[in-house]
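Beneath this line is the structure, given in structure tokens, with notes to follow.
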Amino acid sequence: MIPLAWSLIGPDVESFTASLRPSLALKERNMETAGKVIKCKAAVAWEPGKPLSIEEVEVAPPKAHEVRIKLFATGVCHTDAYTLSGSDPEGLFPVILGHEGAGTVESVGEGVNKFKPGDTVIPLYVPQCGECKFCKNPKTNLCQKIRVTQGQGLLPDKTSRFTCKGKQVFHFMGTSTFSEYTVVADISLAKVNEDAPLDKVCLLGCGISTGYGAALNTAKVEPGSTCAVFGLGAVGLAVIMGCKVAGATRIIGVDINPAKFEKAKEFGATEFVNPKDHSKPVQEVLVEMTDGGVDYSFECIGNVQIMRAALEACHKGWGESVIIGVAGAGQEISTRPFQLVTGRVWKGTAFGGWKSVESVPKLVDDYMNKKLKVDEFVTHTLPFEQINEGFDLMHAGKSIRTVLTF
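In UniProt numbering, the protein residues as written are 1 to 406.
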């Protein structure tokens with residue numbers, strides 16, 4: 001049995017959270033480390049398919065338009081596991097994974113004017129430069145300014161700030177939050193409420209924001225709608241939360257693990273379908289349940305067969321299916337063209353459609369004002385050194401989100 005480190009109950013929650021806020025001592029230490037190489041612990045993925053290794057790494061100072069961050073907490077996401085498995089076509093090794101983090105600015109490079117040491121921040125794997133044609137188009141959040149180098153595991157100047165045992169270590173998704181210190185482009189960072197508990201809001205760097213935004217921004221779920229959510233992990237639960245906020249009347253959770261339904265009900269699910277309980281395809285079950293199909297469906301797994309089922313569960317004439325899950329390299333989706341000709345819509349989303357720099361601070365504020373659930377996603381909190389246990393919990397289906405603290 002994997003131990004649950006630090007059971008955060010009662011007044012201990014406040015004392016623990018307080019420890020994850022920047023202190024005066026930390027700010028003084030930032031002054032001492034600025035401009036110097038920092039040695040710190042990080043979880044290095046040396047090769048695919050192998051456990052992460054806790055190593056001492058060197059983190060170089062930020063260059064122009066870069067920011068070095070002291071991380072306090074990071075989440076463990078399926079996307080990290082996807083790359084670690086070797087299935088990611090952009091996967092590079094050795095690499096420092098991680099993309100759900102929160103911390104404070106340690107130092108800034110030349111030309112950085114929106115951040116200063118001590119600022120509370122969340123790294124962003126979807127940047128927002130505000131200048132490219134993607135940023136200027138209200139229809140998308142997919143800033144392309146540093147897309148090429150980010151995909152190469154490098155910062156915009158085509159180099160890495162990480163070394164370990166004399167070897168260059170690649171960055172991951174422009175964030176690399178599985179390190180006590182990381183360096184990011186200044187367009188890949190959001191300044192947030194300094195009072196926010198970092199062990200909670202770190203999750204707004206990916207999973208929660210992705211699912212929540214898929215319902216609100218991508219699908220634009222309408223009041224009175226019927227929705228189906230395939231996959232009830234963290235992203236699926238966030239979709240359910242978004243559907244409920246949007247006013248959906250029926251929210252059907254679809255998963256082969258019935259133990260997940262009780263949690264899904266807490267987020268707003270009204271019904272549950274286990275495909276294993278039926279002899280016919282799940283899309284046919286849903287069509288029968290909903291008098292012709294759902295208004296909106298969401299695939300939160302990354303299985304191309306389920307993507308097809310999610311589309312075909314949609315109502316003829318207006319049903320819309322949103323793909324959120326990431327499928328394996330080389331996999332393709334298919335359906336009969338008639339499904340689309342007769343009015344169904346198939347679309348995808350990244351980071352829930354949020355324009356990151358401007359939206360993440362608002363999401364944090366919504367959480368602080370109790371308008372957005374975050375704490376409820378955290379099932380385990382572990383010290384950073386137990387990162388592989390966090391992955392084990394995820395693979396075993398025993399966690400919604402595990403947060404690692406430095």
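Heads up, the beta-carbon is just placed ideally off N, CA and C, and yes, glycines get one too.
Residue V67 holds the alpha-carbon nearest to the alpha-carbon of K116 among L71, V239, I38, V67.
Secondary structure of F162 (DSSP, three-state): strand.
In this chain, T226 is not harboured by any alpha helix (DSSP H); it is covered by the beta strand (DSSP E) spanning 226-230. Scanning M241, G397, E90 for the CA closest to the CA of I256 turns up G397. Close CB contacts of I324 within its chain, under the 8 Å cut and outside five residues either way in sequence, are with T210, G211, A214, V235, V239, F298, E299, C300, G348, T349 (chain order).
Fully enclosed alpha helix (DSSP H) runs of no fewer than 4 residues occupy 198-201, 207-213 of the segment 194-240, in order along the chain. In the three-state scheme derived from DSSP, where H, G and I count as helix and E and B as strand, R68 is classed as strand. A309: member of the alpha helix (DSSP H) spanning 304-312, first to last residue. For the pair H99 and G247, the CB atoms are not nearer than the 9 Å cut-off. Excluding sequence positions up to five before and after T270, its CB lies within less than 6 Å of the CB of R250, I251, all in the same chain and listed in chain order. Taking the Cβ atoms as the reference, I69 lies roughly 18 Å from V95, outside the contact range of under 8 Å. Around L372, the same chain offers L363, D366 as residues with beta carbons nearer than 7 Å, after the five sequence neighbours per side are excluded.
Straight through space, the alpha carbons of V121 and G174 are spaced by roughly 14 Å.
When secondary structure is reduced to three states using DSSP, Q386 falls in the helix class. In the structure shown, Y367 adopts helical secondary structure according to DSSP, grouped into three states. In the three-state scheme derived from DSSP, where H, G and I count as helix and E and B as strand, T342 is classed as coil. Approximately 6 Å separates the beta-carbon atoms of N388 and L52; this is inside 8 Å, confirming the contact.
Here V59 is actually not in contact with V44; their C-beta atoms are around 12 Å apart, not less than 8 Å. F261 and E376 have their C-alpha atoms roughly 14 Å apart.
Residue pairing by DSSP puts R250 in a beta bridge opposite T226. Exclusion of the five residues before and after P156 leaves I146, T149, A185 as the residues of its chain whose Cβ lies within less than 6 Å of its Cβ.
Here the alpha carbon of Y296 sits roughly 26 Å from the alpha carbon of Y82.
The beta carbons of D119 and K191 sit closer together than 9 Å. Residue environment for G111: exposed (fewer than 16 other C-beta atoms within 10 angstroms of its C-beta). Contact check for V285 against V273 passes: the beta carbons are separated by less than 9 Å. Residue range 296-299 is occupied by the beta strand (DSSP E) that includes Y296. If you draw a straight line from the Cα of T290 to the Cα of A313, it is about 9 Å long.
G35 and T381 have their alpha carbons spaced roughly 32 Å apart. Cβ contact annotation for T177 (same chain, cutoff 7 Å, sequence separation greater than five): L71, T74, G98, H99, E100, G101, P123, in chain order.
Comparing C-alpha distances from L189 to each of K133, K114, L404 shows the shortest one belongs to K114. Under the DSSP assignment, Y125 falls outside any beta strand (DSSP E); it carries neither an H nor an E label. Taking 9 Å as the cut-off, the Cβ atoms of F162 and A42 count as close. Excluding residues up to 5 positions away in sequence, S87 lie with their Cβ nearer than 7 Å to the Cβ of G328 in the same chain.
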